[in-house]
Every structure is written in structure tokens, then in C-alpha cells.
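Numbering (mature numbering (1 follows the signal peptide of the UniProt record, and there is no 0)), first residue to last: -17 to -1, 1 to 400.
Contents: one structure, followed by commentary.
Structure, rendered in C-alpha cells:
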């Protein structure tokens, strides 16, 4: 009977951490599936050889089942060949998950992320909730590769979350739930029961806070945070006291899609897995067709697109006139970038030319958001943030790395909401 015990133990390890459907799952009605397929096509068509490679889009494509195989291969190739030296831990975690979902070996990216997370600590005991989003992504990616080696990191992270008292953020809470659920499901057999108790305690606390953000119409936080929250509530081993009506949430999201609210590729990437009955915990279970294993060929003649001759001059102004902030300034700089560049490129060029334009970013579900310019940082408690404008039109709340633009005048205002 020893062989049966060994078989059973191996079976437990093989199935630990798998996501699939749970008590809170719900599905898109068949009549509404063309609506969901439509936004998926819109998201996939945003992938081009000149666009910034977005791992969130590749994860969503692979979980949903890609329609545009050419775009799928191109994005996989771009992420495989990209330089990871300047990536945040959150971006690196997303890249590892994206390559894993493409049945590709992330190589040394996993060990690099492991070392970075071993040295990670929040900037302060009560760091803003958004500071935990990137580390949550990192722990989820590491958990899916080697949960046993990730256990000490996840324990320290969970304890830090318990001690943090900053205002709650739905996106961060949802991602932390996914990360710690992965760890909860993959606690090695024979490990201390204290691990399960710790992860369960943190999950219960976070999920209760998520449930408090569920509105009467089913939206969780706002329409763009709802996708990740749906994933979290679908897989958590610690369901909230307040029962979640998944169908009401699903119906409301489908209604928002009808109204054209999901047109940005990044917002689609966040909601699509839930619409297809998947979560980020399903990444290791994605099966790839043999065709997906073929090395993509970049087009030898990409046709018209950004070239060295298509640069534009961007007039970039940073402005802080808020009372009570010690450093007031209004400075303008001209920078030359390729037409169609993302905001991050403009900011990096300005910083290179003048250190007064130094900036910092925070990883969020939308990508990198500018959190500090010229040493003036956003503050949730003071309700201050950096708002980017083209004329009087806001630019995606400061999302810096994935949204291409062709604006010749950009202003960053430090403001209150």
C-alpha cells in the first residue's frame, strides 16, 4: 500500500493551487458572448510591433484563448526578448506569468525576482496600499513557479499586510488575495499549521474589505477594479460574510461594455479573464497549441510607423501650486520623442535633460502610474495626486507605460480630489 500513499501524495501536490471554477463563479449568457468577443478582438488588435509590450494583455489572451495568433506570437516574442533590468517587481512578475501562460521558460527572471522579493520591504510601516500591488504580483508569479521557496517571502508579506493601516485599495486587495490564495493552496504537506492560519487570517481580512466595496448595482469599487475583485472573490478559501451576487456583477459589467466603457486595451485585459471564467491562478494550467510554440517572425517590412524621422517635440510642464506643500514650482521643458511614444518615454527624456523633472512610479493594475515628480509625492490621506493633461483633457490618470499618445503639450499638475 506504500505505492498508493506515494501516489496520493503526488496527486495532492499536482492539484494544489489549481483555480478553476468555485462556489462564486458565474458565466456570460450565450447571447452576450459576441459582446465579450468583440472587446477581446479590440484588445488583441492593439498589439503591434511598435507598441509597448504589455504582459497583462498576453495573459488575458492566453487565458481567454487568442483569436489573433499573429499578435499572440508577436507579443510573446517581444516579452521574451525584452530587457528586464529596469522593470519593477510587479512588471517582472507579470512578465513571468505572461511567459508561463505562453508555455515559455522565463529563464533567470524567476531567480532575479526571488532575490528582489527577499530584499523587499515597504517604504514605511503604513505605506499606501498601492505599494503592495507590485509585491502581490511578484508573490503570485513566484508561487506558481516554486511555492516552497516562496513561503518565507509570502509569510513576511502577509504579516506586513496585517500590520498596515493605510486606506484600503480594491485592486491591491484583489491581487493580494490571488497571491495568498495561491500560497494557501500550495502549503507543503507537513508544514506548520501556522502558515495556513496566517494566510487564512489575512485573506479573511482582505476579502471582508473587498466585500464592503460591493455596491448595490454589483460593481466592486469601480468598473475597472471589478475584474480583479471578481477573480479574488471567485477563488478565496475565506468567503466574505456578505454573500456576493456574482450574476448581478456580471450583468452590470456587460451593460457597461454595451455602453462602450471598456475600450482601453488595459481595462479589457483586467476584465476579460473573469468574463471567460478564468483567474490568474489558472496561468500554470494554460495549454498551448503546437503552433504557439513556433518562434514568431518579425515582419521585415513593417510598413508605415514611427521612425527616426517621425519625432515630435513635446512641451512638458510640471506644476505645483498647492498651499501647504513646501516646494512650489512651474517649470517647462521641450523634449523630442517618436510620435506614438508612451508617456513614460517623455518623462524619462525630460528627467535625463533636467534633474528637476525627476519622477517616480507606482505599479497598479493599469500599469505604472506616476506617483512623484520633483520629490513631491501623492498622498492618499491628503487626497493629493499628479494629474496629467493635454490641454484640459486628462491623460488616463498618469498611466505612464502602456498608453501611446501624440500630444504636443503635456502638463502635470499636483492637485487634490
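Glycine is no exception: its CB is placed at the ideal position from the N, C-alpha and C atoms.
Quick caveat: nothing in here was measured; it's all calculated off a predicted structure.
The alpha helix (DSSP H) that contains residue i, what's its start and end?
i: residue 84; result: 72 to 84
i: residue 180; result: 176 to 194
i: residue 370; result: Here residue 370 belongs to no alpha helix (DSSP H); instead the beta strand (DSSP E) covers 367 to 373.
i: residue 299; result: Run containing residue 299: none in the alpha helix (DSSP H); it sits in the beta strand (DSSP E), 294 to 303.
i: residue 38; result: 38 to 47
i: residue 69; result: Run containing residue 69: none; DSSP gives neither H nor E here.
i: residue 237; result: 229 to 241
When DSSP labels each residue in this structure, what does residue i get in the three-state scheme?
i: residue 248; result: helix
i: residue 131; result: helix
i: residue 207; result: coil
i: residue 150; result: coil
i: residue 350; result: strand
i: residue 333; result: helix
i: residue 93; result: helix
i: residue 360; result: strand
i: residue 31; result: coil
i: residue 101; result: helix
i: residue 13; result: helix
i: residue 272; result: coil
i: residue 308; result: coil
i: residue 197; result: strand
i: residue 355; result: strand
i: residue 325; result: strand
i: residue 219; result: coil
i: residue 377; result: strand
i: residue 164; result: helix
i: residue 262; result: coil
i: residue 290; result: Model confidence at residue 290 stands at a pLDDT of 38, short of 50, so the residue's coordinates are unreliable and nothing is read from them.
i: residue 121; result: helix
Tell me the residue span of the beta strand (DSSP E) that contains residue i.
i: residue 312; result: 312 to 321
i: residue 396; result: 392 to 399
Looking at residue i: is its Cβ nearer than 8 Å to the Cβ of residue j?
i: residue 368; j: residue 347; result: no
i: residue 85; j: residue 271; result: yes
i: residue 121; j: residue 256; result: no
i: residue 308; j: residue 359; result: yes
i: residue 342; j: residue 330; result: yes
i: residue 303; j: residue 310; result: yes
i: residue 165; j: residue 126; result: yes
i: residue 269; j: residue 45; result: yes
i: residue 326; j: residue 378; result: yes
i: residue 186; j: residue 163; result: yes
i: residue 16; j: residue 49; result: no
i: residue 206; j: residue 244; result: yes
i: residue 391; j: residue 298; result: yes
i: residue 18; j: residue 240; result: yes
i: residue 117; j: residue 71; result: yes
i: residue 235; j: residue 200; result: yes
i: residue 114; j: residue 150; result: no
i: residue 266; j: residue 208; result: no
i: residue 89; j: residue 131; result: no
i: residue 264; j: residue 181; result: no
i: residue 305; j: residue 11; result: no
i: residue 147; j: residue 102; result: no
Do the stretch 180 to 197 and the stretch 246 to 254 touch if we need at least three Cβ pairs shorter than 8 Å? Not touching, per the Cβ criterion.
Do the stretch 153 to 170 and the stretch 202 to 221 touch if we need at least three Cβ pairs shorter than 8 Å? yes
Using 8 Å as the cut-off, can you tell me whether the stretch 87 to 106 makes contact with the stretch 40 to 58, which would need three or more C-beta pairs spanning the two stretches below that distance? no
Would you call the stretch 26 to 41 and the stretch 67 to 82 in contact, with 3 or more CB pairs under 8 Å? yes
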